[in-house]
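K.L.:
As given, the protein sequences belong to chains X and U, one line each in that order. Residue numbers for the first sequence follow numbering that gives the first Met the number 0, beginning at 0 and rising by one. Residue numbers for the second sequence follow numbering that gives the first Met the number 0, beginning at 0 and rising by one. Ideal placement from N, C-alpha and C gives every residue a C-beta, glycine not left out. There's a structure below that I have some questions on.
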Amino acid sequence: MLLIENLHVSVGDKPILKGINLQVNAGEIHAIMGPNGSGKSTLSHVLSGKSGYEITQGSIVYQGKDLTDMPPEIRAREGIFLAFQYPVEIPGVSNIYLLKAALNAIRKHHGQPEVDAMDFLTLVKHKVKLLEMDEKFLYRAVNEGFSGGEKKRNEILQMAILEPKLCILDETDSGLDIDALKVVADGVNSLRSPDRAFVMITHYQRLLDYIKPDFVHVLAHGQIVKSGGPELALELEEKGYSWVETSQPEVAA
Amino acid sequence: MSTLKGINNESTSRYVAEYPSLAPELPGQNLPWLQQLRKAGLSKFSATGFPSPREEEWRYTNVSAIEKKLFAPALGFVSAQPNLQAIDPSWLKAQQLEDAWSVALVNGHFSAEMSVLDGLPDGVKIMSMAAALMALPDWLHPYLGQAVQPGEHGFVAFNSAWFTDGVFIHVLTNQVLAKPIQILNIATQADVLATTRNVVVVDCSTETTLIETFVAATDDAYLSTSVTEVFAGENATLTHYKLQAESDKAFHFGGTYVKQAQHARFTHHNFAFGGLLARCDVHTDLGQASECDLNGLYLGAKRQHLDNHTRINHLKPHGISREMYKGVMDDRARGVFQGRVIVAEDAQKTDSQMNNRNLLLSNDAEVDTKPQLEIYADDVKCGHGVTVGQLDEKSIFYLQSRCVDEETARNMLTFAFANEMVDKIKIKTLHDQVLEQVLIRFPQEGIQKAWL
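Below is the structure:
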């Protein structure tokens with residue numbers, strides 16, 4: 000589904016990612032862990048098409064398509080979803096409108112008619128209940144005045160409705176108390192499916208207790224220095240990031 | 000400078016020269032105190048004319064375009080009448096707020112036919128200024144010309160001398176008005192001078208909603224100057240909306256001057272959309288523990304010049320003021336915000352927050368913003384913030400990551416930026432009217448009400 004080869008990314012003149020190799024197949028959950036400043040968020044931004052990042056080497060291919068020059072909205076319509084670390088408040092635009100606009104943009108992109116208003120409402124209300132959210136949130140402005148936990152839930156709500164193929168979760172656990180974390184994790188787990196992949200970016204192992212990854216990668220100094228199964232996260236928790244920060248990147252097979 | 004002065008003098012002297020023939024037609028001729036006020040206005044105006052950019056409060060606004068034209072008042076009730084036929088009844092109905100008492104001022108004169116004042120409770124008096132000056136002159140004396148003096152600036156001076164009519168509103172103690180009161184200002188003809196003076200007295204513990212609407216049934220140039228003096232009694236609550244949707248070529252000066260007794264609450268919503276050159280002043284004097292909340296939205300396009308001035312005078316302790324003005328300027332439009340907060344020595348524990356945010360949609364658009372805090376007390380909490388700029392790139396990216404293309408994302412955010420102020424309107428019919436005006440002024444394709 001996603002193939003990243005020898006990816007080098009700079010911001011201005013500063014190299015941030017220095018040769019990332021990663022393959023994500025449908026149905027898999029990959030966790031990317033790493034200390035602050037290792038390039039985790041840069042990776043999520045580059046995947047979703049945020050401007051300000053220059054790919055100096057390497058490639059990102061998603062479902063056989065080169066992502067390099069694809070605008071963010073096209074990526075989104077093609078099924079890439081970024082759950083933001085800091086969801087942006089959009090005063091004046093209602094949550095439900097954005098959900099509907101996004102869903103219809105995806106449908107249009109795939110040559111499908113607009114969603115029926117009643118069906119849409121039924122769908123949304125069902126998902127809202129699943130995420131233990133108050134329906135009132137739908138009619139409020141996007142993320143405006145939401146607490147940290149509410150914002151994160153709202154991201155997962157959008158994800159549940161848009162049904163993307165590749166979900167990138169950027170520090171979704173940050174700022175969540177344990178109850179909110181469980182709700183968010185349940186939401187994500189309910190979306191697991193053989194034709195959907197997840198890339199979870201996280202600083203702490205905590206999230207992985209609730210969403211079990213298939214693979215764990217450790218990012219340091221802009222490179223993946225270790226890859227392994229879920230046990231790697233536990234080892235990392237025990238030994239700390241200093242354990243890997245001195246490691247050299249594994250040679251890609 | 001000398002040319003400017005020349006035009007100024009010429010324009011000023013033409014108005015002044017015409018004044019003696021006009022004066023007998025103006026209301027309140029038999030009232031010495033009013034004559035004194037008019038005289039003070041005339042002499043200030045004769046001396047200084049319309050304000051010039053040399054005055055600090057007019058630095059960013061050059062009114063010389065007004066001085067190149069000569070506007071004439073629609074005199075007398077009789078001569079103003081024929082214009083009424085020019086007004087399409089369905090257009091008029093669209094301007095009148097449903098479920099409100101609506102008072103019409105057409106070309107500067109009260110029109111009974113176009114006013115809707117049925118079922119006014121005993122505790123509320125609404126009458127034309129001309130009628131009030133005949134019926135209740137002694138009652139008006141302590142109010143008219145007391146919240147603002149002719150010396151304020153050229154437009155207030157001009158308004159004091161030239162006003163032809165206006166509205167007098169008195170809400171008696173403890174009245175909670177079931178419906179809002181609308182003052183509907185309509186201009187119907189080219190080159191008309193509409194000069195009105197309103198006095199609004201809301202007594203202790205009253206609740207009142209007042210809406211001033213400025214519209215035109217003509218596309219031509221005219222000059223509308225309207226001064227409203229407001230006196231809010233102890234513990235009174237007044238919500239005051241102003242919708243300025245004058246014609247594209249119009250010149251507009253509107254001033255609201257408020258005196259708040261202790262514990263009085265004044266909320267103002269200022270929508271400045273119309274006119275080629277429009278200036279709005281909102282001044283309020285806060286008594287002990289009184290509160291004011293000033294909101295503004297100015298939307299300019301083409302070559303519009305929209306100037307907003309606010310002055311909040313904290314005179315006594317424990318006052319609270321909140322201010323949020325937003326501007327969106329497109330094309331070659333120019334917006335001005337000058338907000339002054341003055342905290343007197345005696346006004347300890349004042350809590351004041353002023354914000355002005357501006358969006359520039361074109362490279363030729365301009366905003367001049369000048370927040371001023373003058374604090375003479377030592378135990379206060381005051382803050383201000385100003386932004387002038389483009390849309391937030393983070394927000395654009397967020398919307399793009401939710402499948403929205405960049406252009407639509409920009410339109411959405413621009414509209415949302417403005418709509419935040421519209422959303423503060425508590426009256427549904429007015430909300431819809433204002434929203435409609437906002438939508439007219441966002442011609443970008445694809446702007447939708449559905450976004451809300």
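1. When we look at the beta-carbon of E230 (chain X) and count the other beta-carbons within 10 Å, is it buried (16 or more) or exposed?
2. I'd like to know whether the C-beta of K164 (chain X) is nearer than 9 angstroms to at least one C-beta of chain U.
3. Quick check: the stretch 74–85 of chain X against the stretch 406–413 of chain U, are at least 3 beta-carbon pairs closer than 8 angstroms?
4. Against chain X, does A46 (chain U) count as a neighbour if the rule is that its beta carbon must be under 9 angstroms from one of theirs?
5. What residues of chain X sit near P414 (chain U), judged by a beta carbon separation below 9 angstroms?
6. Here's the rule: buried if 16 or more other CB atoms are within 10 angstroms of the residue's CB, otherwise exposed. What is Q35 (chain U)?
7. Taking only the alpha-carbon atoms, compute the straight-line gap between S127 (chain U) and G40 (chain U) and give it to the nearest angstrom.
8. Report the option in U:C279, U:D219, U:I182 whose CA atom is closest to the CA atom of G107 (chain U).
9. One question on the structure: do T255 (chain U) and T227 (chain U) come within less than 9 angstroms of each other, judged by their Cβ atoms?
10. If the cut is a Cβ gap below 7 angstroms, which residues of chain X does N418 (chain U) touch?
11. In this structure, does DSSP put S225 (chain U) in helix, strand or coil?
12. To the nearest angstrom, how far is the alpha carbon of F136 (chain X) from that of N94 (chain X)?
13. Compare the beta carbon distance of V123 (chain U) and A99 (chain U) with 9 angstroms and say whether it is the shorter of the two.
14. Is Q56 (chain X) close to chain U? Criterion is C-beta to C-beta, closer than 9 angstroms.
15. Identify each residue in the stretch 94–105 of chain X for which the Cβ-Cβ distance to at least one residue of chain U is less than 7 angstroms, and report them in chain order.
16. Using 9 angstroms as the limit for Cβ to Cβ distance, is E72 (chain X) near chain U?
17. Alpha carbon to alpha carbon, what distance is there between S110 (chain U) and V77 (chain U)?
18. Using a Cβ cut-off of 7 angstroms, pull out every chain U residue sitting near S47 (chain X), in sequence order please.
19. Comparing the C-beta of I439 (chain U) with each C-beta of chain X, is any distance below 9 angstroms?
20. Taking E9 (chain U) as the reference, which of U:P31, U:Y18, U:E66 has the closest Cα?
21. With respect to the alpha helix (DSSP H) encompassing T207 (chain U), which residues constitute its N-terminal and C-terminal limits?
22. With F44 (chain U) and A156 (chain U) assumed to form a contact (beta carbons below 8 angstroms), what rounded beta-carbon distance in angstroms separates them?
23. So with CB distances below 9 angstroms, who are the chain A contacts of V403 (chain U)?
24. Let me know the secondary structure DSSP gives S101 (chain U) once reduced to three states.
25. From A177 (chain U) to D164 (chain U), what distance separates their C-alpha atoms?
26. Taking the runs of the alpha helix (DSSP H) that are 4 residues or longer, which of them lie wholly in the stretch 123–150 of chain U?
27. Could you tell me whether the Cβ atoms of V229 (chain U) and T195 (chain U) are closer together than 9 angstroms?
28. Beta-carbon within less than 7 angstroms of M69 (chain X)'s beta-carbon, same chain only, minus the 5 sequence neighbours each way: which residues are those?
29. Relative to the C-alpha of H430 (chain U), which candidate in U:L69, U:T217, U:H268, U:K369 has its C-alpha closest?
30. Looking only at DSSP bridge pairs, what is R310 (chain U) linked to?
31. Under 9 angstroms between beta-carbons, which chain U residues line up against Q157 (chain X)? List them in chain order, please.
32. Between which residues of its own chain and V243 (chain X) is the CB-CB distance below 6 angstroms, once the five residues before and five after are set aside?
33. If contact means a Cβ-Cβ distance below 8 angstroms, which residues of the stretch 126–154 of chain U contact chain X?
34. Alpha carbon to alpha carbon, what distance is there between V87 (chain X) and K181 (chain X)?
35. Taking Cβ positions, are Q174 (chain U) and T224 (chain U) nearer each other than 9 angstroms?
36. What residue from X:V45, X:G51, X:S50 has the CA that sits closest to G57 (chain X)'s CA?
P.N.:
Reading from the atomic positions:
1. exposed
2. no
3. no
4. no
5. According to the sequence as given, residue 414 (chain U) is Phe; it is not Pro. Correct list: G91, V92.
6. exposed
7. 21 angstroms
8. U:I182
9. yes
10. G91
11. strand
12. 7 angstroms
13. no
14. no
15. Y96, L97, A100, A101, A104, I105
16. yes
17. Caution applies to V77 (chain U), whose pLDDT of 46 falls short of 50 and renders its modelled position unreliable; the value that the coordinates give is listed next. Approximately 11 angstroms, taken between the alpha carbons.
18. S400
19. no
20. U:E66
21. Taken as a continuous stretch (DSSP letters only), T207 (chain U) belongs to no alpha helix (DSSP H), being part of the beta strand (DSSP E) at 206–215.
22. 4 angstroms
23. Absent here is chain A; the protein component of the structure consists of chains X and U.
24. strand
25. 26 angstroms
26. 128–134, 136–139
27. no
28. G48
29. U:H268
30. U:H282, U:R339
31. R401
32. V217, A219, V224, K225
33. none
34. 23 angstroms
35. no
36. X:V45
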